[in-house]
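Down below is the structure, laid out as structure tokens.
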């Protein structure tokens with residue numbers, strides 16, 4: 002399942018009231034990867050991984066770095082997303098362990114298949130890495146092509162993608178999004194309270210004034 | 031948890047046991063305990079307070095900290111009674127002290143006069159259970175006012191020319207406008223419509239022990255950390271506890287209402303946290319468990335005397351479920367709106383509340399509002415326009431640009447009551463306690479969809495008039511997921527076609543009362559909680575009067 006489908010489903014089904022948030026984030030794969038990863042990401046000494054081996058972590062880290070790449074602004078790598086995912090899999094998101102256990106060897110196999118001689122995803126060039134990920138992504142032409150992903154591979158990529166987004170955008174107090182870099186990228190200030198004006202359009206708002214029918218009524 | 035609560039023994043017959051502590055249950059607990067009755071409130075969820083609430087999207091949306099959990103309480107869904115229901119999450123409700131009022135959006139529209147008498151005004155609608163209420167807006171008006179003043183509702187009286195009459199202004203001014211509200215107002219006024227400050231059950235001014243809204247932005251779906259959201263938890267329940275006559279008993283999952291040989295309720299059986307069963311005795315039982323769990327509990331309480339379930343001689347317990355309809359047009363604007371700051375909705379309009387079905391070609395009425403429904407992760411998952419790359423640098427660039435610049439214009443509207451739309455007991459699936467799971471059957475009436483799609487076009491017009499650079503939506507389709515759970519034990523004068531009378535007393539069991547979303551006869555135009563709370567205040571008056579006359583034993 003992918004989120005744009007889920008979002009579409011939500012909108013088209015006309016879910017009342019609570020809605021978007023609930024459905025778009027409440028996906029089976031989106032793990033309850035909560036609230037601990039930030040400790041790892043925040044600590045000065047390199048943390049130990051709890052679920053991944055160091056080699057696996059390097060592969061996952063490289064994948065997250067293509068999902069939300071580092072360019073002029075920080076990406077998944079700076080947000081410590083790999084720690085968020087590792088911590089989640091070791092704790093609340095244990096349900097997703099199988100997805101990763103099956104997905105990682107499949108990744109290895111795909112790398113070898115597409116780029117004979119290459120040992121690891123993390124040793125490929127960025128363009129090669131994107132090509133591998135596209136082959137896993139059911140939504141792209143590549144995903145429908147000769148390297149069409151098996152359902153488990155799609156699930157792996159879909160899960161990883163969701164967890165990367167979650168680890169990048171979660172409130173930094175609850176794991177992931179190290180140093181709030183994800184929020185900096187999207188322009189969300191890291192405060193727990195705000196005062197108006199909130200945005201461009203409510204600056205200089207003169208206050209609500211009755212017009213037309215309301216004014217006539219008085 | 032409050033220390034001055036009484037601790038009643040289960041064997042001690044209290045005056046009322048109230049099942050559920052949400053929008054209705056909290057208010058009934060407050061009113062009845064204030065009136066001198068001894069009350070036990072049985073709440074299936076935990077007792078959480080402001081200190082327990084967080085901004086963790088994981089806790090809220092992935093772990094269901096405040097809501098029914100799909101693993102513990104799975105449910106099934108089907109569109110029609112001919113289908114076999116499949117397991118699929120189809121409903122969300124609050125499962126903690128304060129119920130759904132803890133996490134709701136807090137839109138507090140009153141129903142209008144038309145909502146109570148529309149069947150008489152426009153005539154029957156074939157194939158539906160469209161009906162008038164046994165009470166009118168005039169009966170409820172004093173109670174709407176009571177809700178606004180007692181729990182704290184922000185708003186501006188007289189701002190909407192379509193508002194029904196009111197006996198008092200709001201107790202406090204509207205919350206500060208958001209950029210979405212300004213754009214909505216600008217666009218709608220260009221179109222000749224009448225946007226106005228949204229009435230919200232969120233404090234714009236502090237009250238004792240409660241802060242005014244601090245605009246933290248984690249509102250819809252979250253518990254308020256400063257007590258600004260006027261949930262039952264921080265309003266009615268606190269007052270109830272202070273009476274010294276009301277015990278709130280959390281982690282108490284009621285699964286059966288017991289009756290005696292005379293067909294009177296004698297109490298409620300529940301599982302405690304360790305899954306031991308207890309019977310709390312009471313002179314009368316008030317069920318406020320929501321539009322799904324109230325009918326389920328009645329059906330679970332079937333016995334020899336009531337083989338089809340308690341209070342179900344009509345056979346309609348669980349039926350005529352209504353969700354309201356909802357759809358949204360997303361729009362992206364030139365400058366940042368920063369919708370992530372603040373509460374959800376600051377402007378609304380009701381120009382399309384009451385429409386003529388003859389002219390429209392279909393039944394329906396509703397409202398539009400300006401909002402954003404997305405937390406940061408939610409936006410990352412599903413907030414970008416269709417066709418946006420799902421990962422990579424272009425995805426990141428779109429996120430970086432659109433997150434602060436996106437808003438929604440949402441439609442909210444009527445659902446017609448259909449007999450097939452219902453909650454029933456699933457014949458196979460069980461919950462974690464071994465009880466039959468909820469089975470939901472739902473298929474929108476074609477008019478509900480036609481109206482929603484019509485209103486969606488109006489939402490597009492607002493964005494256009496407001497200058498959106500980009501906008502998109504998806505056509506309304508049949509719903510498979512509900513949060514407004516309405517109409518399943520409907521109120522009426524005829525015991526053959528309704529479950530409760532105008533006093534919220536079940537037609538069949540004289541000391542059993544039901545009050546929550548299940549009591550509604552029509553769906554209103556999209557925001558039911560205000561009406562559920564007004565009904566609860568009124569029900570408390572009716573029940574107190576009956577008790578004082580010695581008519582129910584309490």
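Protein chains in written order, with my numbering: chain A, 2 to 219; chain B, 31 to 584.
Idealized CB from N, CA, C, for every residue including glycine.
| Check | Outcome |
| --- | --- |
| Beta carbon proximity, residue 70 of chain A to chain B, threshold 8 Å | yes |
| Cβ separation of residue 582 of chain B and residue 540 of chain B, assumed to be a contact under 8 Å, to the nearest whole Å | 6 Å |
| Validate contact between the segment 231 to 250 of chain B and the segment 272 to 282 of chain B using beta carbons, cut 8 Å, 3 pairs | no |
| Burial state of residue 499 of chain B, where buried means 16 or more other Cβ atoms lie within 10 Å | exposed |
| Cβ contact (3+ pairs, closer than 8 Å) linking the segment 368 to 375 of chain B and the segment 140 to 147 of chain B | no |
| Three CB pairs or more closer than 8 Å across the segment 249 to 262 of chain B and the segment 224 to 237 of chain B | yes |
| Contact list for residue 261 of chain B against chain E, beta-carbon separation under 9 Å | Judged by its chain identifiers, the structure shown contains no chain E, and its protein chains are A and B. |
| Start-to-end residues for the alpha helix (DSSP H) that takes in residue 35 of chain B | First-last for residue 35 of chain B: undefined, no H or E at that position. |
| Contact between the segment 186 to 202 of chain A and the segment 112 to 119 of chain A (3+ Cβ pairs under 8 Å) | no |
| Supposed close pair residue 466 of chain B, residue 330 of chain B - CB separation, criterion 8 Å | 7 Å |
| Own chain partners of residue 22 of chain A with C-beta closer than 7 Å, once the 5 adjacent residues on each side are dropped | In this prediction, residue 22 of chain A has a pLDDT of 38, which is less than 50 and means its spatial position is unreliable; what the coordinates show is noted afterwards. Taken in chain order, the list of residues that qualify is empty. |
| Three-state secondary structure (DSSP) of residue 45 of chain B | strand |
| Neighbour list for residue 167 of chain A in chain B, Cβ cutoff strictly below 7 Å | 407 |
| For residue 284 of chain B, the residue or residues it bridges with in DSSP | B/300 |
| Within-8 Å CB hit, residue 179 of chain A to chain B | no |
| 8 Å Cβ shell around residue 78 of chain A - same chain, five flanking residues per side excluded | 62, 65, 66, 71 |
| Separation of residue 425 of chain B from residue 49 of chain B, as counted between CA atoms | 48 Å |
| Local conformation of residue 289 of chain B per DSSP, three classes | strand |
| Buried versus exposed, by CB contacts within 10 Å (16 or more), residue 163 of chain A | buried |
| CB contact below 8 Å: residue 207 of chain A versus chain B | no |
| Amino acids of chain B, ordered along the chain, whose beta-carbon sits closer than 7 Å to that of residue 101 of chain A | By Cβ distance, chain B contributes nothing, its closest Cβ being about 17 Å from residue 101 of chain A, past 7 Å. |
| Where residue 378 of chain B falls, given that 16 or more other Cβ within 10 Å makes a residue buried | buried |
| Runs of beta strand (DSSP E) wholly within the segment 59 to 129 of chain B (minimum 3 residues, chain order) | 69 to 72, 105 to 108 |
| Min CB distance residue 370 of chain B to chain A below 8 Å | yes |
| Cβ-heavy atom distance, residue 111 of chain A to the ligand MG, below 7 Å | Only the bare structure without any ligand can be found here, which leaves the ligand MG out of the picture. |
| Residue 227 of chain B - DSSP class collapsed to helix/strand/coil | strand |
| Three CB pairs or more closer than 8 Å across the segment 102 to 120 of chain B and the segment 95 to 111 of chain A | no |
| Any 3 or more C-beta pairs closer than 8 Å across the segment 36 to 54 of chain B and the segment 559 to 566 of chain B | yes |
| Given 8 Å, three or more beta-carbon pairs between the segment 198 to 211 of chain B and the segment 400 to 413 of chain B | yes |
| Nearest-angstrom Cα separation, counted from residue 478 of chain B out to residue 312 of chain B | 42 Å |
| Proximity of residue 441 of chain B and residue 486 of chain B at Cβ, strictly below 8 Å | yes |
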